[in-house]
Amino acid sequence: MIVTRFAPSPTGYLHAGNYRTAVFAYLYARKNNGKFILRIEDTDRARFDQKYQDNILESLSWLGLEYDELYIQSQRHARHTELMQKLVDEDKAYISHEEAKDGSGTVKQIVRFRNPGTIVTFHDIIRGDITVDTTDLGDFVIGRSITEPLFHFAVVVDDSDAGVTHVVRGDDHIANTPRQILIARALGATEFQFAHLPLVFGLDKQKLSKRRGAKALTEYRDEGYLADAVLNFMISMGWNIGEGGEQEIFSKKDLCKVFSLERVQKSPAIFNPEKLDWFNREYIKQLSETDQLDAVRPYVQSLSGFDENIFQKCLPLIIERVTKWSDVQTMVNTNDIQYYFTDPVVSNDLLTAKGTEIGECKKHLTAISELLQSYTGEWNTDSIKSLIMPYADEQGRGAVLWPLRCALSGREKSPDPFTLISVLGSESVFRRINSSIQ
RNA sequence: GGCCCUAUCGUCUAACGGUUAGGACGUCGGAUUUUCAUUCCGGCAAUCGGAGUUCGAUUCUCCGUGGGGUCACCA
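Heads up: the first sequence begins at 2 in the working numbering, then just goes up one per residue.
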């Protein structure tokens, strides 16, 4: 069985770079009906912070990357010590008395690996064979002390014990791989398959990192990005299905069926927020109306005069102006939604902004009001349009339509008057038009 | 600097050694809407350079160059 793992260290919030390696490892396991393991690498207690660990769990849960097993590395130190001692007993590692690096002058017993100094070649599923001379590594340190394992040692022990078959991780670990292979061999562990993913860069073409301002994934959640859109975007950087390469939208479910490490790109990808926005818009559009309503409602339901019926009618108008849910909040803040629920205050300046005299405006509004009052047909956008357009064409579209729209919305920018009329309903429309005539 | 990885439009990418080098995002222009947004059309835009191998290289090889990663008692 194929077993992959994601092994973040809780020393920072989970960002897109970390997350993408998790996605690839996850999908590879799911695709092959394997197992996906999460291991928190909290060996460095000095940099550990519980809030980061919580953030990792929270992020994975939001994104729907469910794991089959969870390990906390620090809880496995007894096992690490046991195997480190074994290597020492077998003279594959040794305890070295060295002065502490903190400059205190104290002498500590650190554990060094006895490097056989061989040339190591390993196969990488994405990159092919990679050969490295490990001689220059020297007798590298594997423990601060016999009870304090270091990263390289703990990783190998944990992967081996958990039965990990495929180590899927970032490119930045290529350089670490030879020494981990050396440790694995000394331990007598079965060797892993490796797949080193290209890194994700920021707009500055540097590896994504919190220091350079990479956003926590949970921030995207809080801004109202959809988990599936984020996942789709992440996979689009570095993987495609081939077959002409024209399909871009893949649900998580699709990916669990079609993902393959063989088609993973070798070179790094730059994180392009605009493309993420595009994906998110696509996913928002695909949502059912009920889901859209439920997502938008919290932002607008406390607006004064909120009306569920009108809300449902104007939903499409909101959706087509939004990239992520927090944009709804922006619309609320800029008064671009309030007018659906309460009559706007309309100034003469706005009505005449297109150069039409105020008397002229009044005349057209009155004419439209009369048209609408004598109208008995169905009250929808198309029918209203065909009712009003002949008059507008005759009198000049701008002169008629602009004042009409402004009378209804009170805004310089808004949906067109016909749509507005059909959404607002007759009662409100007459009230607003008459109010502007006054 | 040593070692390792890598190289197609600005970005993400497609292309059994033979294609007018395709798609998407963005951008620009147009149509619809005399507002905004949506939608629909269309344009601009790429094989890093040099040698090979081959009838023929984006594709294979080598050498440059660029970019990145990594060189801890961090992970």
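A virtual CB, placed ideally from N, CA and C, is assigned to each residue, including glycine.
In whole angstroms, what separates the C-alpha of residue i from that of residue j?
i	j	result
G360	E247	56 Å
G65	K414	39 Å
S348	L304	22 Å
G214	L15	12 Å
V430	I422	6 Å
L198	N336	46 Å
Y300	V333	8 Å
V323	A176	44 Å
E379	T420	13 Å
Q339	G306	8 Å
D350	T331	25 Å
V142	F280	45 Å
R21	A217	13 Å
K440	A400	Absent from the structure is residue 440, since the part of the chain shown begins at 2 and ends at 439.
I285	N241	22 Å
K93	E192	18 Å
T377	S387	13 Å
V297	R433	26 Å
R170	E283	29 Å
M390	R398	8 Å
R113	W63	41 Å
D173	R48	20 Å
A354	L409	15 Å
I3	A23	15 Å
Q287	K314	18 Å
K102	I131	33 Å
G239	F251	14 Å
Assuming residue i and residue j are in contact, meaning their beta carbons sit under 8 Å apart, how far apart are those beta carbons, in whole angstroms?
i	j	result
V424	Y341	7 Å
H81	F154	6 Å
I38	P11	Wrong, their Cβ atoms sit about 16 Å apart, outside the cutoff.
Q207	H167	Contact flag wrong, Cβ pair sits at about 28 Å.
V108	E99	7 Å
A209	G18	Contrary to the premise, residue 209 reads as Leu rather than Ala in this sequence. 4 Å between Cβ atoms; contact.
Y68	G13	With a Cβ gap of about 20 Å, Y68 and G13 do not count as contacting.
R77	I111	That pair is no contact at about 20 Å.
A196	I311	That pair is no contact at about 53 Å.
S161	A190	4 Å
V158	L61	Wrong, their Cβ atoms sit about 23 Å apart, outside the cutoff.
I320	Q293	6 Å
K253	D229	6 Å
N219	N56	The displayed chain sequence assigns Thr, not Asn, to residue 219. Contact flag correct, Cβ pair sits at about 6 Å.
P418	L402	6 Å
G411	P345	2 Å
P404	L372	With 8 Å as the limit, P404 and L372 do not qualify as a contact, their Cβ atoms being about 14 Å apart.
K32	E70	So it is not a contact: roughly 18 Å between Cβ atoms.
I147	I73	That belief does not hold up - the Cβ atoms of I147 and I73 are roughly 21 Å apart, past 8 Å.
V133	A8	About 22 Å separates the two Cβ atoms, so there is no contact after all.
E249	S268	That belief does not hold up - the Cβ atoms of E249 and S268 are roughly 19 Å apart, past 8 Å.
F123	T44	No, F123 and T44 are not in contact; Cβ-Cβ is about 24 Å, not under 8 Å.
Let me check one thing: in DSSP terms, what residues is residue i bridge-paired to?
i	result
S289	Paired residues: none, contrary to the question.
E224	According to DSSP, E224 bridges with nothing at all.
A17	Its beta-bridge partners do not exist; DSSP assigns none.
E99	K109
D125	G129, F195
S36	Ser is not the amino acid found at residue 36; the sequence shown has Lys there. Paired residue(s): V4.
L71	L39
R80	R80 pairs with nothing; no bridge assigned.
E149	S146
H167	T5, Q194
W240	V265
A94	F114
I438	According to DSSP, I438 bridges with nothing at all.
F251	Paired residues: none, contrary to the question.
F234	In DSSP, F234 forms no bridge with anything.
K276	Answer is none; K276 lacks a bridge partner.
A1	With the chain running from 2 to 439 in the structure shown, residue 1 is simply not present.
I120	D134
K363	Answer is none; K363 lacks a bridge partner.
K208	F202
Contact between the segment 24 to 32 and the segment 256 to 263 (3+ Cβ pairs under 8 Å): Result yes; three or more Cβ-Cβ pairs closer than 8 Å.
Segment contact, 8 Å Cβ cut-off, at least three pairs: the segment 99 to 119 with the segment 134 to 149: Enough Cβ pairs lie closer than 8 Å, so yes.
Segment contact flag, the segment 218 to 234 with the segment 321 to 329, C-beta cutoff 8 Å, min 3 pairs: The segment 218 to 234 makes contact with the segment 321 to 329, as at least three CB pairs between them are under 8 Å.
Cβ contact check for the segment 165 to 183 and the segment 226 to 237: 3 or more pairs under 8 Å: The count of Cβ pairs closer than 8 Å, one atom from the segment 165 to 183 and one from the segment 226 to 237, stays below three, leaving the stretches out of contact.
Sufficient close CB pairs (3 or more, under 8 Å) joining the segment 264 to 279 to the segment 196 to 204: Three or more Cβ pairs closer than 8 Å define a contact, and the segment 264 to 279 meets that threshold against the segment 196 to 204.
Cβ contact check for the segment 431 to 438 and the segment 354 to 370: 3 or more pairs under 8 Å: With a cut-off of 8 Å, the segment 354 to 370 and the segment 431 to 438 count as touching, because enough Cβ pairs lie within range.
Contained alpha helix (DSSP H) runs [length at least 4] in the segment 313 to 345, N- to C-terminal order: As far as the segment 313 to 345 is concerned, its whole alpha helix (DSSP H) runs of at least 4 residues are 327 to 334.
Entirely enclosed alpha helix (DSSP H) segments - the segment 365 to 432, minimum 4 residues: Fully enclosed alpha helix (DSSP H) runs of 4 or longer: 382 to 396, 398 to 410, 418 to 425.
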